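Structure, as structure tokens:
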Amino acid sequence: MIEIQCTQCKAFIARYTGSGEVDLLFLDSVLKPDSLADLKSSSKADLPHLICIECSRKLGKPAVDETGRLAYKMIKGSFRKKGIIKAMTTSPHTSWR
Ligand SMILES: [Zn+2]
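Counting in the numbering used here, the final residue of the sequence shown is number 97, and the numbers go up one at a time with none missing.
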């Protein structure tokens, strides 16, 4: 899983399944927030731009791939991604308490 943050204000933007480069953010891979995941059932024409909820920075533009999957074409430099360690591994901070 990967989380995307706004580079400008560090706000949480989205969590999705996948790895590697985020060029197209597919809506059917989005886990959170629901408001973003729910957009997968809309059409490209109805899709709003992806905008940071905190600072209103523009992060992505509506797009579709060749099979018609809805996605956001992410704007380079506007977001930061970080991998999430699976929930199975315990945090190092709790093991010695
Ligand atoms: Zn922001």
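Just so you know, even glycine gets a beta-carbon here, dropped at the ideal spot from N, CA and C.
All of these numbers come straight from a predicted model, not from anything done at the bench.
Asked: CB of V22 within 8 Å of CB of K81, strictly; Found: yes
Asked: First and last residue of the uninterrupted alpha helix (DSSP H) at A37; Found: 34-37
Asked: Contact set, ligand 1 heavy atom to C-beta under 5 Å; Found: C6, Q8, C9, A11, C52, E54, C55, R57
Asked: Endpoints, the beta strand (DSSP E) within which A14 is located; Found: 12-16
Asked: E66 to T17 span [Cα, whole Å]; Found: 20 Å
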